[in-house]
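Letter by letter, the sequence shown follows residues -26 to -1, 1 to 424 in mature numbering (1 follows the signal peptide of the UniProt record, and there is no 0).
Backbone N, C-alpha and C define an ideal beta-carbon position, used for all residues, glycine too.
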Amino acid sequence: MPKITNLKSYLLLPLLFTIWAGTALAQNPLVRDQFTADPSAMVVGDRVYVYPSHDIYCAENNGRENWFCMQDYHVFSSENLTEWTDHGAILHQEDVPWGNPTANSMWAPDCIERNGKYYFYFPDHGKDSSINGKGFTIGVAVADHPEGPFVPEPQPIKGVKGIDPNVFIDDDGQAYLYWSQEHIYGAKLKGNMLELAGDPVILKELPSEGLKEGPYMFKKDGAYYLTYPHVANKTERLEYAVGKSPLGPFDFKGVIMDESPTGCWTNHHSIIQFKGQHYLFYHHNDYSPGFDKNRSIRADSLFFENDESIRKVVPTLRGIGLTQMTDHIQMDRHSALGEQGASIAFLDPSQPFMGWKVTLAGGAWVKYNRVEFHQGVQTVRLRIQAKDAGKLALRSGKEDGQVMAEIGYSESEDWTVVQGKVKGNPSGIHDLVLVNENGKRVAVDWINFE
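Below you can see the structure in the form of structure tokens.
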């Protein structure tokens, strides 16, 4: 049985933070006040909208303990990939006319725009087996705006059994629905986006062994990329196949992201292009390392090789987006970490949503890239904890780069904000490297500039 550390904190904190819509500054994970998984990303104008599932922990008599438990959906959006606005809950299991209001099975969704309407596809268990039989089926909720409000249709899509819906609209206007149920299926949709236009087909050309689920289709340079999680060994990795039509046949091409190095059993993803760059959205169990059914969404840049194959994505903590110098820069969400004497840990393991700290021994360093500076910066502030007095150096570019500031500090058992004078009036985009020039350990929560 998975071990849950301080279950009361895990249950209470997401509830407290998600009562209202708010804005969070985020690297990876993108959402830092609640559990999120299965991110479906969509570009609308100059904003990215992400529709994840919402993990909670099901206590006794409130669902199946130690399993996936989701009761509602939120939508998040950003114009800079750093500041994410939570628009609040857009659909709850009790809102679905045909659904089981106690099933806790609002699993991975998808959303797409057509003719000024936004169609939100989601799996759920039905109240009875009168339409699509027992188990999961897929419904649709419709809105006039990407953040809702979404109104669920009175019935699910007839003829569909399974989970993980994904909808793709081809250049000729034909829409397709993909889903998984032991196999990955595809089918044409009618123009109303609510009904199948033909019989489902099994996409058979994918690897035959191991679970395959979570299909996500996109098109690039005339080729159709079918991407999906696959258990080739022990846990899910992200793979892709390429075809010349939306329903195949497809040729298996390779791996987008390897299995989780820490054993998170699932992964689920989407891929978008935003302002000229492709991004992979996926999930990991960052805030719940001891229980991989409470997950958190992430994003990293994705690149194509000259032959249009996908370059394998290596997960990062730094993630995407440009951080402003006035933000609380979380150095623990690093882009590089010195091999000796540097470590990352929760600020308080019993309250994971408080975030992490980076601890540096003498000579150790941590790097955080892509920080935008403006003219007139004078001071850098750091929130630290140190049992002994010492000095930190903030450098530009690399661990032996130009010194931007030197920050002396006194011993303190408590967290303390210290500051130093910034040299050279930096401007533009810089990579930051924080180096402990003292022989004693110091823990750092965040830094920012004024």
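Taking the CA atoms as reference points, Tyr95 sits about 44 Å from Gly312.
Our two residues, Glu213 and Glu169, have alpha carbons roughly 29 Å apart in a direct line.
For Glu210, the CB contacts under 6 Å within the same chain, skipping 5 residues up- and downstream, are Pro203, Thr240, Asn241 in chain order. Around Phe192, the same chain offers Tyr199, Ile245 as residues with beta carbons nearer than 6 Å, after the five sequence neighbours per side are excluded. By the Cβ test, the segment 63 to 70 is not in contact with the segment 6 to 23, since fewer than three Cβ pairs between them sit closer than 8 Å. Counting along the chain, Pro26 sits inside the beta strand (DSSP E) bounded by residues 21 to 29. Counting C-beta pairs with one atom in each stretch, the segment 328 to 337 and the segment 278 to 290 have fewer than three that are closer than 8 Å, which means they do not touch.
By the Cβ rule, the segment 26 to 33 counts as touching the segment 260 to 278, because three or more pairs are nearer than 8 Å. Relative to His48, the option among Trp41, Thr56, Asn54, Pro26 whose CA is nearest is Pro26. Where Ile105 is concerned, there is no enclosing beta strand (DSSP E), because DSSP gives it neither an H nor an E. The shortest C-alpha to C-alpha distance from Ala316 to any of Lys341, Lys194, Phe327, Leu296 is the one to Lys341. The three-state reading of DSSP puts Gln67 in helix, counting H, G and I together. For Leu212, the uninterrupted beta strand (DSSP E) segment begins and ends at 210 to 217.
Under the 10 Å beta carbon count, Ala197 is surrounded by fewer than 16 other beta carbons and is classified as exposed. Here the C-alpha atom of Asn89 lies approximately 13 Å from the C-alpha atom of Pro120. Put simply, of Phe327, Leu408, Gly250 the residue whose alpha carbon is nearest the alpha carbon of Asn2 is Phe327. Your pair Pro289 and Val351 does not check out as a contact, with CB atoms roughly 31 Å apart and the cut at 8 Å. Secondary structure note for Met80: it is in no beta strand (DSSP E), with a DSSP letter that is neither H nor E. Glu57 and Asp274 have their C-alpha atoms spaced approximately 15 Å apart.
If you keep only unbroken beta strand (DSSP E) runs of at least 3 residues inside the segment 300 to 327, you get 316 to 320. In the structure shown, Trp339 adopts extended strand secondary structure according to DSSP, grouped into three states. The beta carbon of Ala338 sits closer than 7 Å to those of Gly312, Gln314, Gly315, Ala316, Asn410, all from its chain and outside the five residues before and after it, given in chain order. Nearest to Glu424 by alpha-carbon distance, out of Gly394, Leu408, Ile318, Ala417, is Gly394. Here Gly364 carries a strand assignment [DSSP, helix/strand/coil]. In this structure, the straight-line span from the alpha carbon of Ile230 to that of Lys135 is close to 27 Å.
Trp330 is positioned such that its CB atom lies no closer than 8 Å to that of Gln359. Fully enclosed beta strand (DSSP E) runs of no fewer than 3 residues occupy 270 to 276 of the segment 264 to 290, in order along the chain. For Lys218, the closest C-alpha among the options Glu387, Asp144, His348 is that of Asp144.
Note that the C-beta distance between Gly100 and Asn74 is below 8 Å. Counting along the chain, the unbroken beta strand (DSSP E) around His252 starts and ends at 251 to 258.
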